[in-house]
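What follows is the structure, encoded as structure tokens:
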């Protein structure tokens with residue numbers, strides 16, 4: 001089941017499974033900006049990453065002397081969300097803990113995804129509500145894939161600031177202490193598949209809080225992510241999409257001890273409290 005919201009400029013369609021954005025279109029030109037989800041390359045569009053981002057060491061974690069297992073990027077993307085509220089330009093989805101989640105993540109919670117269209121911008125908001133009697137540890141992030149209709153090398157990413165980009169290399173899906181500097185040309189990163197020969201580019205701290213996708217040096221998308229200090233960029237060889245991923249948290253390091261409360265990048269929300277985060281996709 002899907003729900004579509006729209007205004008005079010954009011329409012956005014969200015799948016109730018995972019509350020996943022599956023389409024963002026210009027209503028006049030009908031241009032699509034979200035990856036179609038062709039499984040020959042990658043069968044997702046823009047999944048929510050919760051309650052972890054990336055991979056845990058041994059796919060497991062420890063909490064109160066008990067070992068739990070969680071799959072890569074968590075479980076929220078695999079559950080059907082409840083439609084809580086719907087307006088022409090706004091929709092609210094909710095996932096609450098259940099028997100299946102409590103078996104692998106022993107916390108009572110509610111995760112809300114709120115999509116709001118404002119002119120040429122889609123705001124994607126996350127609300128993590130702690131319904132437990134104890135503090136909840138979690139990570140959360142977005143994974144939107146933007147479709148590229150022209151040759152991959154015709155695109156580049158324009159960063160907000162001319163910073164030195166330090167990417168942490170992955171070893172068996174875990175973050176190692178090996179890094180590589182990614183060079184920018186006038187704040188731009190020309191896209192080539194060779195950038196991703198060792199999987200995703202992972203940045204623990206990014207000074208830029210917005211990244212533009214340029215098509216033939218002209219901006220087509222502007223991603224803003226003030227609430228997210230960590231970031232991933234990813235594609236697959238020959239795939240016509242680029243993923244720009246704002247994160248709170250990241251994969252375990254190769255030296256992780258397994259204690260979820262000591263995990264690098266972990267977030268905490270106290271009992272009977274909540275945390276809000278959002279990023280936005282502006283069509284330029």
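In the UniProt record's numbering, the protein residues as written are 1 to 284. Ideal placement from N, C-alpha and C gives every residue a C-beta, glycine not left out. On a predicted model such as this, the values are computed, not experimentally measured, just so you know.
- Query: residue 93 bridges to which residues according to DSSP?
  - Reply: 83 and 113
- Query: Quick one: what's got a C-beta closer than 8 angstroms to residue 120's C-beta in the same chain, skipping five residues either side?
  - Reply: 9, 10, 282, 283 and 284
- Cβ-based neighbour list, residue 90, same chain, cut-off 6 angstroms, excluding 5 preceding and 5 following: 116
- Query: What are the complete alpha helix (DSSP H) segments, minimum 4 residues, inside the segment 106-164?
  - Reply: none
- Message: Within a Cβ cutoff of 6 angstroms, which residues of the same chain sit near residue 256, ignoring the five residues on either side of it in sequence?
- Response: 57
- Return the CA-CA distance between residue 187 and residue 17, expressed in angstroms with no decimal places. 37 angstroms
- CB-CB length for residue 200 against residue 34, believed under 8 angstroms: Their Cβ separation, rounded to whole angstroms, is 19 angstroms, which puts residue 200 and residue 34 out of contact at 8 angstroms.
- Task: Leaving aside the five residues before and after residue 208 along the sequence, list all residues of the same chain whose C-beta is less than 6 angstroms from its C-beta, in chain order.
- Result: 159, 160 and 161
- For residue 143, does the count of other Cβ atoms within 10 angstroms reach 16, so buried, or fall short, so exposed? buried
- Query: How about residue 19 and residue 50: are their beta carbons less than 8 angstroms apart?
  - Reply: no
- Task: List the endpoints of the continuous beta strand (DSSP E) containing residue 275.
- Result: 274-283
- Extent of the continuous beta strand (DSSP E) to which residue 10 belongs: 10-15
- Item | Beta-carbon spacing of residue 269, residue 130 below 8 angstroms | yes
- Query: Who does residue 50 pair with in a DSSP beta bridge?
  - Reply: 74
- From which residue to which residue does the beta strand (DSSP E) around residue 268 run? 267-269
- Of the listed residues 192, 229 and 279, nearest to residue 242 (C-alpha basis): 192
- Query: Do residue 244 and residue 202 come within 8 angstroms of each other at the CB atom, strictly closer than that value?
  - Reply: no
- Return the residue from the list 197, 219, 95 and 155 that minimises the CA-CA distance to residue 189. 155
- Query: In chain order, which continuous runs of the beta strand (DSSP E) of length 3 or greater are located wholly inside the segment 222-257?
  - Reply: 230-234 and 241-248
- Locate the beta strand (DSSP E) running through residue 102, then write down its first and last residues. First-last for residue 102: 99-104, but that is the alpha helix (DSSP H), not the beta strand (DSSP E).
- Reduced DSSP category for residue 57 - H, G, I as helix; E, B as strand; rest coil: helix
- Could you name each continuous beta strand (DSSP E) segment of 3 residues or more that falls completely within the segment 180-226, going from the start of the chain to the end? 188-190, 201-203, 210-215 and 218-224
- For residue 167, which beta-bridge partners are listed by DSSP? 180
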